[in-house]
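Student:
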Amino acid sequence: MFQTGADVVVCMQFINHGVLLNSQDTNFRGVLDNWPVFALAHDLGNVNAASTPMVFSIGHARDPAIKYIAANNVQQQRSSVFWAHYLDFNTVISTFLGDYSNALTRANAFDTRVSEDATQVSSDYAVLVALLIRQAFGATELMVQKLGPGSYDTSDIMMFIKEISSDGVTGQYPNAWAAHDVGMSFSCTHYPITLGHNDECGNMLIMALSYTQRTNDTALIHTYYNLLDGWAQFLVQNMLSPPDQHSADSALGSLANQTNLAIKGIIGIRAMSEIADIVGDNAKSSNYNSIASTYAQEWQTLATSADGTHLTLTYGNDSSWGLTYNLYADKLLGTNIVPELLYSLLSSRRAWDINSETKWYSAHTNSYGVPLDSRQTLSKSDWQIWAAAFVTDNTVRDSLIGAVRKYAANGQSTQPFPDAYDTLQARFVVELFYRTRRPLAARFVVKQHHQFRGRYTDLISGVKPIPAGESECGTLYSWEENVVYEYFWRGGGSFGGSLSVQLKRATIRFG
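In this note's numbering, the protein residues as written are 15 to 525.
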């Protein structure tokens, strides 16, 4: 049985009569206009034992799925790949439903393989990966260019992921640094955000080398070699002492001379050395390697506290510290420009090295993990898992992973698994709206580092504020409260902007 219509009408129909009317409300409208819903019901009869499952399918199809701007400002209409293989939507639905049994078998086999691999790190890690792999897959879409009615270019399939972008090839993007993202709203004129110049340049170089190392496919770095080289040159000029800017933790505000941001850029420069070597540009490979090595030595001096116990959040501020999760990229790529002893410093208390950093995290762990930095108790689960991938003590590694798992299982929030939360009380940071996001896929990195490299793709991303003087509006649905919020955010350049949230007739104002 099914029925579409206003939420109150459909709900009361089932409550009062126990059946739906198999009727459609053809007054198509927005979600806030008399709240249209689609209800499904099935009479299971008397249930005395396990029975054959009742399968419901809920899908969301749009065509075209995205408008893609190619070279010379050519705009392509791109569709989901499945449209290239089926003549009509009824065939899509019948094929999808008919494949349920086979799909379940494939899914179970995949889950088993993932669980076996992840359990070799820890049982807590296996639980997290099982939860988060769904969100990682759900954040990607395969697109094909639509040439005309029923005609698609299947030789040109692209995967799109929200929150990361790098034009620089088509000529539409004019800056020397990599773009941050494609924006919250494709119609907004102030996106892509370009506040984290060094952050995104480092990201793109690290990912390009990681892909090449794991696939042995050099076509990507050959095709975009000049673009990659340009980003590396930008890092050389700006990275050792990064100017005041946002990083992936932009909700906490901008800072100059960020230790964590600087090491990402230095590793990015070293990655460009490896890329140049693979391409055969020996002169540039040698030059970038020399620069990265020199910068790494200077960075260690600038970033280490005077007593040698920890890395600082910003150069020269000995009382500050942060979760230096970007060190993971050094392990991922095998560039080894950071001394091994430094990783241990984060785990205990000794003269600073990686071992020291391992020890430092151990001494600054709250009930639900290690805060992002010394300014507050907020943390992000993805960055804690990155740290778990490079620390030198398995006890500290398991503590970081266990804290994230503890947060996921505490039952204090009905939100889809968020990545930002308070490490003292496990409070979901509702002000950030960080939930069910694709960056959660970053939690696969521990399995990569612990002898399972190459099976999963690294997904590196940032988060973004609204720049000062600009604004963003939209809607957000709260599963916990079953309401839709209309929001208007006027940026303050960090988390200090004003946010007006309208709940139907009531207005709430934060900050």
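Every residue, glycine too, gets a C-beta built ideally from N, C-alpha and C.
Which of the three DSSP states is assigned to ALA233 in this structure?
Tutor: Helix.
Student: With VAL106 as the anchor, note down where its alpha helix (DSSP H) starts and where it stops.
Tutor: 103–112 is the span of the alpha helix (DSSP H), which, as asked, contains VAL106.
Student: From the DSSP secondary-structure annotation, give me the bridge partner or partners of PRO50.
Tutor: PRO50 pairs with ALA20.
Student: Any Cβ of chain C within less than 7 Å of the Cβ of ALA150?
Tutor: The displayed structure is made up of one protein chain only, and chain C is not part of it.
Student: Give a yes or no on whether the C-beta atoms belonging to ASN340 and LYS278 are separated by under 7 Å.
Tutor: It is a contact, given that the beta carbons lie within the stated cut-off.
Student: Whole-angstrom Cβ separation of MET253 and TYR309, contact assumed at under 8 Å?
Tutor: The Cβ separation is near 7 Å, so the contact holds.
Student: Express the C-alpha separation of ILE175 and SER224 in angstroms, rounding to a whole number.
Tutor: If I take the Cα positions, the gap works out to 17 Å.
Student: Grouping DSSP H, G and I as helix and E and B as strand, with all else coil, what is ASN380?
Tutor: In this structure, ASN380 counts as strand in the three-state DSSP scheme.
Student: Are there three or more Cβ pairs, one per stretch, closer than 8 Å when the region 420–440 is compared with the region 373–387?
Tutor: The answer is yes - the region 373–387 touches the region 420–440, with three or more Cβ pairs under 8 Å.
Student: Which residues does DSSP pair with MET172 in a beta bridge?
Tutor: Bridge partners of MET172: MET157.
Student: Near ASN62, what residues of its chain come up, given a Cβ to Cβ distance below 8 Å and the 5 sequence neighbours on each side ignored?
Tutor: Excluding sequence neighbours, ASN62 sits near nothing in its chain.
Student: What do you get for GLY76, buried or exposed, if any count of 16 or more other CB atoms within 10 angstroms of its CB means buried?
Tutor: This sequence places Arg at residue 76; Gly is not what is there. Result: exposed.
Student: Just mark MET157 as buried or exposed, buried being the case when its beta carbon has 16 or more other beta carbons within 10 Å.
Tutor: The residue in question, MET157, is buried, as its Cβ has 16 or more Cβ neighbours within 10 Å.
Student: Please state the DSSP three-state secondary structure of THR133.
Tutor: Looking at THR133 - three-state DSSP - the assignment turns out to be helix.
Student: Excluding the 5 residues flanking GLY244 on each side, which residues of the same chain have their C-beta closer than 7 Å to its C-beta?
Tutor: Closer than 7 Å at Cβ, skipping near neighbours: ALA190.
Student: Buried or exposed for GLN439, please, with buried defined as at least 16 other CB atoms from any protein chain shown within 10 angstroms of its CB.
Tutor: Exposed, by the Cβ-count rule.
Student: What does DSSP give as the partner residues of ARG92 in its beta bridges?
Tutor: ARG92 pairs with ILE80 and GLN159.
Student: Alpha carbons only, please: which of ASN303, ASP291, ARG228 and ASN230 is nearest the one belonging to VAL250?
Tutor: Nearest C-alpha to VAL250: ASN303.
Student: Would the region 388–397 count as touching the region 258–267 if we require 3 or more Cβ pairs under 8 Å?
Tutor: Yes, they touch.
Student: Just tell me which of LYS373, ASP433 and HIS378 has its CA closest to the CA of ASP407.
Tutor: Nearest C-alpha to ASP407: LYS373.
Student: Please report how far the alpha carbon of PHE52 lies from the alpha carbon of GLY112, in whole angstroms.
Tutor: Using only the alpha carbons, I get a separation of about 22 Å.
Student: Runs of 4 residues minimum, wholly inside the region 289–334: which ones carry the alpha helix (DSSP H) assignment?
Tutor: Segments of the alpha helix (DSSP H) lying fully in the region 289–334: 296–317.
Student: Can you list, in chain order, the residues of its chain whose CB lies under 6 Å from that of GLN91, leaving out five sequence neighbours each side?
Tutor: Once the five neighbours on either side are set aside, the close Cβ partners of GLN91 are PRO78 and LYS160.
Student: Within this structure, are the beta carbons of ASP412 and SER136 separated by less than 7 Å?
Tutor: Yes; because the gap between Cβ atoms is below 7 Å, this pair is in contact.
Student: Below 8 Å, how does it come out for the region 53–73 and the region 17–36: are there three or more Cβ pairs, yes or no?
Tutor: The region 53–73 vs the region 17–36: in contact.
Student: Report buried or exposed for MET26, applying the criterion of at least 16 other Cβ atoms within 10 angstroms of its Cβ.
Tutor: Label assigned to MET26: exposed.
Student: Let me check one thing: in DSSP terms, what residues is GLN259 bridge-paired to?
Tutor: GLN259 pairs with LEU269.
Student: Taking DSSP as the reference, what is the three-state secondary structure of ASP5?
Tutor: Because the chain here runs from 15 to 525, residue 5 falls outside it and cannot be looked at.
Student: Can you give the beta carbon distance from SER334 to SER376, rounded, assuming they're within the 8 Å contact cut?
Tutor: With a Cβ gap of about 18 Å, SER334 and SER376 do not count as contacting.
Student: Return the chain-ordered list of same chain residues with a C-beta closer than 6 Å to the C-beta of MET286, the five sequence neighbours on each side being excluded.
Tutor: So the qualifying residues of the chain are LEU219, ALA246 and TYR302.
Student: When you compare the CB positions of SER139 and ALA150, do they come within less than 7 Å of one another, or not?
Tutor: This sequence places Tyr at residue 139; Ser is not what is there. No, Cβ-Cβ distance for TYR139 and ALA150 is not below 7 Å.
Student: If you check the beta carbons only, do ILE351 and TRP313 fall under 7 Å apart?
Tutor: Their beta carbons are not under 7 Å apart, which means ILE351 does not touch TRP313 by this criterion.
Student: Which class does GLY336 belong to by DSSP, given the choice of helix, strand or coil?
Tutor: Reduced to three states, the DSSP call for GLY336 is strand.
Student: Assign ALA84 to one of two classes, buried (16 or more other C-beta atoms within 10 Å of its C-beta) or exposed (fewer than that).
Tutor: ALA84 comes out exposed.
Student: Determine the extent of the beta strand (DSSP E) in which LEU392 is found, giving its start and end residues.
Tutor: First-last of the beta strand (DSSP E) with LEU392: 392–394.
Student: Which class does SER427 belong to by DSSP, given the choice of helix, strand or coil?
Tutor: Coil, per DSSP.
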